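**Q** The structure under discussion is supplied below as structure tokens; questions concerning it will follow.
In this note's numbering, the protein residues as written are 8 to 343.
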């Protein structure tokens with residue numbers, strides 16, 4: 008059988024914006040925004056004595072701690088692989104997300120306790136106009152930051168930035184609750200509503216912390232990427248008819264880098280150079296969809312296999328068993 012000639016190697020996918028640069032930029036903005044919010048809310052608390060403002064200020068202080076953790080984590084996660092960390096440092100972002108979740112839990116407990124005390128011992132809210140103005144300014148700053156973080160996530164997919172954005176998005180909603188509480192306490196003569204607003208903020212933060220904890224745990228436990236991404240990867244690989252099947256597809260995230268491993272079935276009569284060229288082309292097709300991916304493809308010889316339809320999900324993309332005249336495949340491990 009005449010070996011299939013190896014086609015010319017396709018050009019590498021076009022470079023995209025550096026995701027690490029985007030994460031570093033947005034973490035600087037996050038720290039600056041947290042400092043601005045702390046200054047504004049500290050002034051409003053001194054003038055008004057509002058429990059809602061106290062709750063929001065406490066949350067902003069923890070926001071600063073979380074933003075600082077994210078600031079350093081994304082820089083450590085962007086460090087290249089070294090002798091002791093062959094897969095890089097990307098999971099540092101998940102550790103930062105765990106820190107964020109712990110701080111949010113602490114914030115929720117403190118605010119909830121303070122709110123309960125003020126419900127039984129209500130205190131009037133003074134300087135309501137100043138407090139309302141500060142809360143409105145906080146809403147504007149927080150909304151701008153969440154918008155900037157959303158833009159950065161489209162480039163980086165950073166778990167640490169996603170956790171930071173989730174925290175500030177919760178702040179955005181809680182600030183609206185705080186605004187209602189301050190207005191109720193200062194202008195409607197109902198300080199109990201101010202304390203109740205603080206409790207609402209506490210519950211909101213607690214729920215957000217649970218979501219952050221789940222995302223970080225999935226990352227640290229190497230949860231597979233969504234089914235749609237796995238199907239897209241298999242479809243990109245099987246676009247070449249010379250690849251007769253894909254199996255043992257494994258995916259996980261390390262920071263913003265998607266780790267992809269798979270086996271592909273090729274004609275056993277191919278020369279090594281031709282098989283290598285086919286695999287490299289497949290890698291470039293996957294990189295066109297996931298530019299920061301780290302891809303490892305193992306070529307398996309096979310005489311006959313049924314290629315999976317492009318529309319099939321990735322787990323169903325495995326080829327059928329080899330014919331009787333083909334040497335048996337080695338046993339699959341627990342992660343097959």
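Glycine residues also receive a C-beta, built at the ideal position from the N, C-alpha and C atoms.
Since this is a predicted model, take the numbers as computed values, not measurements.
Look up residue 308 in the DSSP assignment and give the residues it is bridged to.
**A** For the purposes of this step, residue 308 is taken as residue 301 along the chain shown, with counting starting at 1. Answer is 273, bridged to residue 308.
**Q** Measure from the alpha carbon of residue 180 to the alpha carbon of each residue in 47, 158 and 153, then state which is nearest.
**A** In the chain shown, residue 180 corresponds to position 173, counting from 1. Selected option, being the one with the closest Cα: 153.
**Q** State yes or no: is the C-beta of residue 147 within less than 8 Å of the C-beta of residue 107?
**A** Here residue 147 corresponds to residue number 140 of the chain shown, with the count starting at 1. Here residue 107 corresponds to residue number 100 of the chain shown, with the count starting at 1. For residue 147 and residue 107, no; Cβs fall outside 8 Å.
**Q** Can you tell me whether residue 48 is buried or exposed? The criterion is at least 16 other CB atoms within 10 Å of its CB, across all chains shown.
**A** Taking the chain shown and counting its residues from 1, the one referred to as residue 48 is at position 41. Looking at its Cβ environment, which holds 16 or more other Cβ atoms inside 10 Å, residue 48 is buried.
**Q** Would you tell me roughly how many angstroms separate the C-alpha atoms of residue 296 and residue 280, rounded to the nearest one?
**A** For the purposes of this step, residue 296 is taken as residue 289 along the chain shown, with counting starting at 1. For the purposes of this step, residue 280 is taken as residue 273 along the chain shown, with counting starting at 1. If I take the Cα positions, the gap works out to 25 Å.
**Q** List the residues that DSSP assigns as beta-bridge partners of residue 254.
**A** In the chain shown, the residue the question calls residue 254 occupies position 247. DSSP lists 270 as partners of residue 254.
**Q** CA-CA distance, residue 283 and residue 65?
**A** Working through the chain shown from its first residue, we reach residue 283 at position 276. Working through the chain shown from its first residue, we reach residue 65 at position 58. If you take the alpha carbons of residue 283 and residue 65, they lie about 57 Å apart.
**Q** In the DSSP output, what is residue 264 paired with across the bridge?
**A** What you label residue 264 is simply residue 257 of the chain shown in a count that begins at 1. Answer is 261, bridged to residue 264.
**Q** Inspect the CB distances between the segment 170 to 184 and the segment 207 to 218 and report whether three or more fall short of 8 Å.
**A** The segment 170 to 184, when compared against the segment 207 to 218, does touch it at the 8 Å Cβ threshold.
**Q** Assign residue 301 to one of three DSSP states: helix, strand, or coil.
**A** For the purposes of this step, residue 301 is taken as the residue at position 294 of the chain shown. In this structure, residue 301 counts as strand in the three-state DSSP scheme.
**Q** What is the DSSP secondary structure of residue 350, reduced to helix, strand or coil?
**A** Residue numbering for the chain in the displayed model covers 8 to 343; residue 350 lies beyond these limits and cannot be assessed.
**Q** Mark residue 235 as exposed unless 16 or more other C-beta atoms lie within 10 angstroms of its C-beta, in which case mark it buried.
**A** Looking up residue 235 in the chain shown gives position 228. Under this definition residue 235 is an exposed residue.
**Q** By alpha-carbon positions, which one of 136, 249 and 162 ends up nearest to residue 288?
**A** Residue numbering aside, residue 288 sits at position 281 when the chain shown is read from its first letter. It is 249 whose Cα lies nearest to the Cα of residue 288.
**Q** Taking C-beta to C-beta, are residue 260 and residue 232 nearer than 8 Å?
**A** In the chain shown, counting from the first residue as 1, residue 260 sits at position 253. In the chain shown, counting from the first residue as 1, residue 232 sits at position 225. In this structure, residue 232 lies closer than 8 Å to residue 260 by Cβ.
**Q** Given that a residue counts as buried once 16 or more other Cβ atoms are within 10 Å of its Cβ, and exposed if not, what is residue 102?
**A** One-based indexing of the chain shown puts residue 102 at position 95. Flag for residue 102 reads buried.
**Q** Suppose contacts are defined by Cβ-Cβ distances below 8 Å. Is residue 77 in contact with residue 168 by that definition?
**A** The residue you call residue 77 lines up with position 70 of the chain shown. The residue you call residue 168 lines up with position 161 of the chain shown. Yes; because the gap between Cβ atoms is below 8 Å, this pair is in contact.
**Q** Three or more C-beta pairs under 8 Å: does that hold for the segment 260 to 278 against the segment 301 to 309?
**A** Segments in contact, yes.
**Q** In the structure shown, what three-state DSSP assignment does residue 225 receive?
**A** Reading the chain shown from its first residue, position 218 is the one you call residue 225. In this structure, residue 225 counts as helix in the three-state DSSP scheme.
**Q** Pull up the distance between the alpha-carbon of residue 190 and that of residue 80, whole angstroms please.
**A** Looking up residue 190 in the chain shown gives position 183. Looking up residue 80 in the chain shown gives position 73. So the alpha carbons of these two residues sit roughly 39 Å apart.
**Q** Rounded to whole angstroms, what is the Cα-Cα separation between residue 312 and residue 267?
**A** As a first step, residue 312 is located in the chain shown; it is residue number 305 there, counting from the start. As a first step, residue 267 is located in the chain shown; it is residue number 260 there, counting from the start. Per-residue confidence for residue 312 stands at a pLDDT of 42, beneath the threshold of 50, marking its modelled position as unreliable; the derived number appears in the next sentence. The straight-line gap from Cα to Cα measures roughly 22 Å.
**Q** Report the rounded CA-to-CA distance for residue 151 versus residue 183, giving the unit in angstroms.
**A** For the purposes of this step, residue 151 is taken as residue 144 along the chain shown, with counting starting at 1. For the purposes of this step, residue 183 is taken as residue 176 along the chain shown, with counting starting at 1. C-alpha separation (whole angstroms): 15 Å.
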